[in-house]
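Single-structure report; data block below.
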Amino acid sequence: YLTVDPFNQGMIRPGKVFLSILQEEFTEELLKGLAHEFHHAGAFYWLDRNQKLKALKSSDEHARMLAEIFTYFVTEGLANWYFSLSRLKLLPGVENRMERIKRLEEEMPQLIKTTEQLLEWICEHHEPIEDIKALFNSLSMDTSGYGIPAGHFLSGRMVGIMDNSNVSREEIIGLVKHPFNFFDLYNKVAPENIKLNAALLEKIRGKIEEWTK
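With the working numbering applied, the sequence shown corresponds to residues 67 to 279, in that order.
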């Protein structure tokens, strides 16, 4: 697993490394960051053994993008909600991130629409594939300097909505073994204004079955 931060795209900013375990003192904040990364390592242990994910990754580019999206939402959603809460909520001591977090909170409905667009394009086999990759990168990467990609915020908040509902912790943690349940589990308990389109999720389930036969 990646531990040298300059090779971690999420930690790169124009002209500098945003956070490096080679440069920083072992503060509580840094240790939380390491816990976040170690969670990724554990999650990938299970995700790398998921046969349907493997099948998608060995299929065409659209199927591979679908695998990447589910992997991203599961890994970043769980790690951010349980280990990097200061990137998701307005907590004491994170005033420097307040503006970014407030903006992302306001943009939640639009971020859901962006996710729907990604899934719709994959279902439609939209071309060029670079459009899908660019839209995904707009979620998964952040060059603002705050270290809070929109997709990290969105996926973390989605896990938070599950965690603060009647969805069991066992089901949430179990997403590392059952990643394709992520959006369906979220949709069961999400507020109406930030639910994903149910018909679209049904189409995605169909594509997963079709592409993993």
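Don't be surprised by glycine CBs; every beta carbon is placed ideally from N, CA and C.
Using 9 Å as the threshold, is the C-beta distance between residue i and residue j below it?
i           : j           : result
residue 227 : residue 264 : no
residue 177 : residue 216 : yes
residue 127 : residue 195 : yes
residue 188 : residue 270 : yes
residue 141 : residue 106 : yes
residue 243 : residue 116 : yes
residue 122 : residue 133 : yes
residue 280 : residue 267 : The requested residue 280 is not part of the displayed model; the chain covers only 67 to 279.
residue 149 : residue 102 : yes
residue 223 : residue 164 : no
residue 254 : residue 225 : no
residue 166 : residue 212 : yes
Judging by CA-CA distance, which residue of the options is the nearest neighbour of residue i?
i           : options               : result
residue 249 : 126, 188 and 261      : 261
residue 136 : 258, 221, 179 and 233 : 221
residue 114 : 138, 182 and 152      : 138
residue 172 : 259, 104 and 151      : 259
residue 279 : 125, 240 and 112      : 125
residue 66  : 233, 200, 197 and 120 : No answer is possible for residue 66: it lies beyond the span of the chain, which begins at 67 and ends at 279.
residue 230 : 167, 252, 272 and 210 : 252
residue 182 : 208, 198 and 213      : 198
residue 210 : 273, 170 and 235      : 170
residue 168 : 129, 214, 200 and 193 : 214
residue 94  : 118, 129 and 152      : 152
residue 273 : 129, 241 and 235      : 129
Taking residue i and residue j to be in contact with their CB atoms under 8 Å, please state how far apart those CB atoms are, rounded to whole angstroms.
i           : j           : result
residue 280 : residue 131 : Since the first residue of the chain shown is 67 and the last is 279, residue 280 is not available in this structure.
residue 205 : residue 180 : 6 Å
Quick one: which unbroken alpha helix (DSSP H) runs of 4-plus residues sit fully inside the region 107-176? Chain order, please. Runs found: 117-123, 127-149 and 164-172.
Length-filtered (4 minimum) alpha helix (DSSP H) runs lying within the region 189-277: 195-206, 216-229, 235-239, 248-255 and 264-277
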